[in-house]
């Protein structure tokens, strides 16, 4: 691959130049960005391929790189910056159990509000103040597809809506979503994202504790919190035969979920979907509970 070297700070300014091969990704090495060149244009060097990334795991939210687990080393940070050239790198040390407000530290560059794109939708958020479930992308698409396949306009409850990572795709698939969120900062972003994606007419936002906000009967309830099993009894007051509850949990027995449903006077069918590895020997799963 033939490339030209430029200062990495110029990367955002050269994408419209006529020598840039936009089908290939630039490779950042220190302060130099090696930009692929179109055939017949002058170049500085030829490289075989971009070296494989073998560094610390991370993900991008907008232009911010987020690292979980142990505090990243200087070498970890350098590798991330060289690979993705983010505006900043933050270390998310922990997450509040109830509000899901992250405890973070900016370890490189700067952080703040960013604009994140995912599956055709736009999300405004500050990853140092709110959670974004980047690893649940397949699950978000799956739920949206289930709604899209239905023959009616579903009434859906999103009990832990955050900035809208499930709410927005569900509304985009045609549902009318009652979105509840206890973190006021996340709730503000949720309202803004509903407007940004032109879905405000399909989304009703309720700030506060979802246990006190459920209202009426829902066709579908999304319980995207690992403590949601303890609130399942409350959710069951707002379903009917034919409703579906999507209960997120760390891998556990179906029998306990079934017992809670039956104690509320219902029968159910349960299908378990694996979302992602949570820790060694434990999976983040979703129980699809169909009420009968």
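Numbering (this note's numbering), first residue to last: 72 to 363. Glycine is no exception: its CB is placed at the ideal position from the N, C-alpha and C atoms.
Item to complete: Could you tell me which residues DSSP pairs with residue 277 in its beta bridges?
Response: For the purposes of this step, residue 277 is taken as the residue at position 206 of the chain shown. According to DSSP, residue 277 bridges with 251.
Practice prompt. State yes or no: is the C-beta of residue 318 within less than 8 angstroms of the C-beta of residue 337?
Written response: One-based indexing of the chain shown puts residue 318 at position 247. One-based indexing of the chain shown puts residue 337 at position 266. No, the Cβ-Cβ distance between residue 318 and residue 337 is not below 8 angstroms.
Discussion item. Would the stretch 147 to 163 count as touching the stretch 119 to 134 if we require 3 or more Cβ pairs under 8 angstroms?
Written reply: yes
Discussion item. If you follow the beta strand (DSSP E) that residue 214 is in, where does it begin and where does it stop?
Written reply: On the chain shown, residue 214 is found 143 positions in, with the first residue counted as 1. Run containing residue 214: none in the beta strand (DSSP E); it sits in the alpha helix (DSSP H), 208 to 220.
Item to complete: Please go through the stretch 111 to 152 and give each complete beta strand (DSSP E) segment of 3 or more residues, from N-terminal end onward.
Response: 130 to 132, 135 to 138
Worksheet item: Would you say the beta carbon of residue 246 comes nearer than 7 angstroms to a heavy atom of the ligand GDP?
Response: For the structure depicted, the ligand GDP is absent and the ligand set is empty, with no information on it obtainable.
Item to complete: With DSSP collapsed to three states, give me the class of residue 87.
Response: Position 16 of the chain shown, counted from the start, is the residue given in the question as residue 87. Reduced to three states, the DSSP call for residue 87 is coil.
Fill in: Classification of residue 358 by the beta-carbon crowding that lies within 10 angstroms, buried from 16 upward
Here residue 358 is taken as the residue at index 287 of the chain shown, counted from 1. Under this definition residue 358 is a buried residue.
Discussion item. Would residue 200 and residue 172 qualify as a contact pair, given that the criterion is a beta-carbon distance under 8 angstroms?
Written reply: Here residue 200 corresponds to residue number 129 of the chain shown, with the count starting at 1. Here residue 172 corresponds to residue number 101 of the chain shown, with the count starting at 1. Yes.
Fill in: Alpha-carbon spacing of residue 143 relative to residue 195, whole angstroms
Walking along the chain shown from the start, residue 143 turns up at place 72. Walking along the chain shown from the start, residue 195 turns up at place 124. Roughly 26 angstroms between the two C-alpha positions.
Item to complete: Buried or exposed for residue 147, please, with buried defined as at least 16 other CB atoms from any protein chain shown within 10 angstroms of its CB.
Response: For this step, residue 147 is matched to residue 76 along the chain shown. Classification of residue 147: buried, given that the 10 Å Cβ count is 16 or more.
Practice prompt. Pick out the complete beta strand (DSSP E) segments inside the stretch 254 to 313, 3 residues or longer, and give them in chain order.
Written response: 274 to 278, 291 to 294
Fill in: DSSP state of residue 224 mapped onto helix, strand, coil
On the chain shown, residue 224 is found 153 positions in, with the first residue counted as 1. Residue 224 falls in the coil class under three-state DSSP.
Item to complete: Taking residue 42 as part of the alpha helix (DSSP H), name the residues at either end of that continuous run.
Response: Because the chain in this structure spans residues 72 to 363, residue 42 falls outside the shown range and cannot be described.
Worksheet item: Alpha carbon to alpha carbon, what distance is there between residue 341 and residue 110?
Response: Locating residue 110 in the chain shown gives position 39, where the first residue counts as 1. Locating residue 341 in the chain shown gives position 270, where the first residue counts as 1. Roughly 56 angstroms between the two C-alpha positions.
Worksheet entry | Close-in-space but distant-in-sequence residues of the same chain around residue 242 (CB under 6 angstroms, 5 per side omitted) | Your numbering for residue 242 matches position 171 in the chain shown. The answer, listed in chain order, is 248, 270, 273, 274.
Worksheet item: Quick one: what's got a C-beta closer than 6 angstroms to residue 101's C-beta in the same chain, skipping five residues either side?
Response: By one-based count along the chain shown, residue 101 stands at place 30. Nothing meets the Cβ criterion.
Worksheet item: Any idea if residue 288 is buried or exposed, counting beta-carbon neighbours within 10 angstroms, 16 or more meaning buried?
Response: Translated into positions along the chain shown, residue 288 becomes position 217. Its Cβ having fewer than 16 others within 10 Å, residue 288 is exposed.
Discussion item. For the pair the stretch 312 to 331 and the stretch 348 to 356, tell me if three or more CB-CB distances fall below 8 angstroms.
Written reply: yes
Worksheet item: Buried or exposed: which applies to residue 112, given that a residue is buried once 16 or more other Cβ atoms fall within 10 Å of its Cβ?
Response: For the purposes of this step, residue 112 is identified with residue 41 of the chain shown, where counting begins at 1. Exposed, since its Cβ has fewer than 16 Cβ neighbours within 10 Å.
Worksheet item: Do residue 360 and residue 311 have their C-beta atoms within less than 8 angstroms of each other?
Response: As a first step, residue 360 must be located in the chain shown, where it is residue number 289. As a first step, residue 311 must be located in the chain shown, where it is residue number 240. The answer is no: Cβ separation not under 8 angstroms.
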